[in-house]
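Below is one structure, written out as C-alpha cells; the observations come after it.
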Amino acid sequence: MISAREYGSHSWELLVIIDHQHEEVQKEILLQVTGDLHIGGVMLKLVEQIKIPEDWSDYALWWPQKKRWLLKTHWTLDKCEVQADAKLFFTTQHKMLRLRLPNMRTVRLKVSFSSVVFKAVSDICKILNIRRSEEVSLLKPSEEALKKKKKKDKNSKELITEDILNLCNSPVSSGLSGTPGLYSKTMTPIYDPMSGTPASSTITWFSDSPLTEQNCSILAFSHPTCSPETLAEMYQPRTLADKAKINAGWLDSSRSLMEQDILEDDQLLLRFKYYTFFDLNPKYDAVRINQIYEQARWAILLEEIDCTEEEMLIFAALQAYHISKLSLSSEEQDFTCESEVDEVEAALSHLEVTLEGGNTSNILEDITDIPKLADNLRLVRPRKLSLKATKPYWFVFKDTSVSYFKNKESAQGEPIEKLNLKGCEVVPDVNVAAKKFGIKLLIPVADGMNEVSLRCENENQYARWMAACILASKGKTMADSSYHPEVHKILSFLKMKNWTMSSQAVSDSESIDMKPECFVSLRYTKKYKSKQLAARILEAHQNVSQMPLVEAKLRFIQAWQSLPEFGLSYYIVRFKGSKNVDVLGVSYNRLIRIDIATGDPITTWRFSNMKQWNVNWEIRQVAIEFDQNVSIAFTCLSADCKIVHEYIGGYIFLSTRSKDQNETLDEDLFHKLTGGQE
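Residue 1 is where the sequence shown starts when you use the UniProt record's numbering, and the numbers rise one by one after that.
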C-alpha cells in the first residue's frame, strides 16, 4: 500500500525497464517519484524493489527517447527534464562489443557504452597494448562492405565464429582498474626490437592480463594471408566517391556508443584514424607497429590507396617473402649477439626518427645559415599542343622557394621565375628501372593549381631536391633537422625499388611455393600470370632479404607513407558559391579540394595558415578562415559535417604532442578542438 502522503500533489509514476538476465527480476517497475528526487535516489528505490543481492555498481539509467545517459546521480529528475511520459532503462554501462582489428582478426571484449568514444577507445587500447590511443578510433562498416560480407557469411558462419578472440575477462574491460597488462608507461623495454616477441623479463606480466603470450602473438605478428578468392570477395572502393563512403562511418568521439545507436555485441572496426604515428618504438610498440602495418597492407591490397606497379612489387616482396616468412619462424631465431642488437637498435632508432619526422640529437644545424641547393635540372611544363616542353636550367633552392636561371653564370642576376613552394603539393614521378627521377609540383595560384615538374639526373640529386621540396611545402627549410632523415628515407626507398634481373635469385621451388595473388591487388593478378608475378616479386625481394622482422614492417610503413595519397581521407562536399560537387581531402597538415571527375587537386589549404574554423549547425556548414583574407565554406554531402570538423580539430590536437609530455592526454583540449558548439 502507498500512503496518501506519497500520493502528494507533486508525485507521479515513472516507468523503468530492468535489463537483467535473472528470471526472478521484474522486467518493468513503476516508481512513485517527485521531481526533486535525485537520480541516485531513483536507482536506490529500484534496487530495493528488485530485492536481489548483487553488485549493481555498473548499472545506470538510460533514456532511449532522448538518447541520454543519466550519469550525474546528484541531479534531480526535474534538472534532467525527466517527466511522467519518460521510459527509462536500468542497464549495465559495460557491454560486449566485437571489434575487427586492422589485421582482420575479431576480438570480443567488454567496453563502456556510457563513456564518450574517446575514453572508450583509450580503455580498449590499454587492453590490446596499443600506445597512443588518440590516433585510433571506431568506424562503422560501410553498407557496401556489409553487403559483401553477408554473401560471404552464408557459407562460412562456423569459421568466422571460431576466429573471434575472446578478451571479455579483462579487468580493464570489466570496468575495474586492474593491472595494465603489457601497456607500460615506464621506459622498460617490453618487446624484442627485432623479432617483436615479448621480452623474457616481461613474460611473467601476462598472468593478470587477458593478453596471454599466445594472444599477444596474434596481435603482434602477421599471419598467413587470405586466399585470392577471399580477397576478391572483399569490398574494394573503385572511385573517390566510394572512398568517401568509407569515411562516413567514423563515430563521434564526444558521444557514447549508446548515443550513436551501437548495440551490445555489434561489430565495429578499430582503425588508425589519424595518420600521424607519433613515437613509434619497437621496444614498446610491437602490437601497434603490426596493426599499422596490417592497415597499410590491406589499404594497398584493396586499392584504397593508389601506387605504381614498381611500388606494388616492393610491397609484395616485403609482405610476401619476408614478413610472412619471418613471422612464422620468429620463435626459431636467435638474437643473442649483443653487437648485432646494438647495430639494429641504432638503425631502428634512426628509422623511428624518419617515420615520425622528429628531431635527432646528433644533428645540429646552424639555424643562422640556411643551406641551399644549386644544380642543373630540367624543367617540364604541361602544354596542350605538344607532348614535351622540357628545357635545362640552372636551379637554386633557398628557404622555401625555387628560382631558375638560363645558366649558372646568370645566377647572380634576376631569375626567369621564382616559385614559392609553401603550401604546394609534391608528387613523386619516379621509375627507377627507366632512370626517371621526376618531382611534380602543384603550386597554389588564385584560380587553382599551377603544375610544374623538375627532372633530376640521378637518385642522389633526386633525394636532395625531393626532400627540400617536401619540407618547403610544409613551410620548413633545409636547416630543419628533419631534412637529412628525409633524404635518407627517400634514398632507402629508391634502393628497395632498384633491383636487377637475376637468374640465380629465383628458383623454381620458390616460385611454386609462393602464391603471388595473395600479395598484390586484383588489378595485377588480372594483368600478369601467376608465374610472372612470382618471379618479379622474388626479384624485388633481393633488396630486403636481410632485414629483421620489425624493421621490415617499419620499412613497409615508411614506403606507404611516401605514397602521394597517403593519409588522405575523402569527403564529398559542395563549396559555398559553387553548383558543382567536389571531393575534400583531409590530411594531417592540409585540406585539398579535388575534382571529383578527374581526381586532380584544385586548391590546397594548409592548417599552419588557418586562423579559425567553426560550424553553422543549423545549415550544417563548415567555415574556415586562413591567412591573407582567404575564407572557405562547404557543406558535407557524404557524411555529417561533425566528422569533418572533428578530423580538422583532431589533427591540430595531435600536432601539440611532445616527447617531453607524459602519456596522459589533455582530453578536455581534444573535446574543445573537436566537439564544436552543437
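Built from N, CA and C at the ideal position, the CB exists for glycine as well. Bear in mind that the values here come from a model prediction, so they are computed numbers and not experimental data.
- The beta carbon of L454 sits closer than 6 Å to the beta carbons of L377, I439 from its chain, once the five residues preceding and following it are set aside; these are given in chain order.
- Taking W62 as reference, the option from F90, W56, D36 with the minimal CA-CA separation is F90.
- Counting C-beta pairs closer than 8 Å gives fewer than three between the segment 276 to 296 and the segment 481 to 498, which falls short of the contact rule.
- C-alpha of S545 to C-alpha of L318: approximately 8 Å in a straight line.
- By the Cβ test, the segment 108 to 119 is not in contact with the segment 79 to 89, since fewer than three Cβ pairs between them sit closer than 8 Å.
- Assignment of R238 by DSSP, reduced to helix, strand and coil, places it in the coil class.
- Across the set E565, T525, R606, L637, the C-alpha of L637 shows the shortest separation from the C-alpha of F575.
- Under the three-state reduction of DSSP output, G675 falls in the coil class, being neither helix nor strand.
- When DSSP states are grouped into helix, strand and coil, T664 belongs to the coil group.
- For N247, same chain residues with a beta-carbon under 8 Å away, outside a window of 5 residues either side, are S569, Y570, Y571, S638, A639, I643 in chain order.
- Going by C-alpha positions, E144 is about 9 Å away from Q236.
- The way I'd put it, the segment 397 to 407 does touch the segment 417 to 432; three or more beta-carbon pairs between them come closer than 8 Å.
- In this structure, S137 places its C-beta atom within 8 Å of the C-beta atom of L251.
- For Y284, the three-state secondary structure derived from DSSP is coil.
- Burial of W394 is indicated by the presence of at least 16 other C-beta atoms within 10 angstroms of its C-beta.
- CA-to-CA, the gap between C424 and K579 works out to about 26 Å.
- W56 is bridged by DSSP to nothing; it lacks a bridge partner.
- Contact annotation, K553 with S473: C-beta distance approximately 27 Å; criterion of less than 8 Å not satisfied.
- Only residues of its own chain outside the window of five on either side were considered, and among them R105, T106 have a CB closer than 8 Å to the CB of D163, listed in chain order.
- Under DSSP, S112 shares a beta bridge with H94.
- Segment contact: the segment 430 to 437 against the segment 479 to 487, fewer than three CB-CB distances shorter than 8 Å; contact not assigned.
- The Cβ neighbour count for H10, taken over all protein chains shown within 10 Å, is under 16; the residue is labelled exposed.
- The C-alpha of G675 lies about 22 Å from the C-alpha of K245.
- Rounded to the nearest angstrom, the Cβ distance from E135 to F272 is 5 Å, consistent with a contact under 8 Å.
- L454 carries a strand assignment under DSSP once its states are collapsed to helix, strand and coil.
- The DSSP-derived three-state label of Q542 is coil.
- Assignment of beta-bridge partners to K422 by DSSP yields no partner.
- By the Cβ-count criterion, S655 is exposed, with fewer than 16 other Cβ atoms from all chains shown falling within 10 Å of its own Cβ.
- Straight-line spacing of the CA atoms in F493 and E303 works out to 20 Å.
- Within its own chain, the residues whose Cβ lies closer than 6 Å to the Cβ of M466, once the five positions on either side in sequence are excluded, are I439, I490, listed in chain order.
- In the structure shown, H74 adopts coil according to DSSP, grouped into three states.
- Under DSSP, M610 takes part in a beta bridge, and its partners are F626.
- Around the beta-carbon of R132, 16 or more other beta-carbon atoms lie within 10 Å, marking it buried.
- When DSSP assignments are scanned along the segment 527 to 585, the uninterrupted stretches of alpha helix (DSSP H) that are 4 or more residues long and fall wholly within it turn out to be 530 to 541, 549 to 561.
- Judged by beta-carbon spacing, L97 lies within the 8 Å limit of D266, meaning their Cβ atoms are closer than that value.
- Contact between L219 and L128 holds, with the beta-carbon distance rounding to 6 Å and staying under 8 Å.
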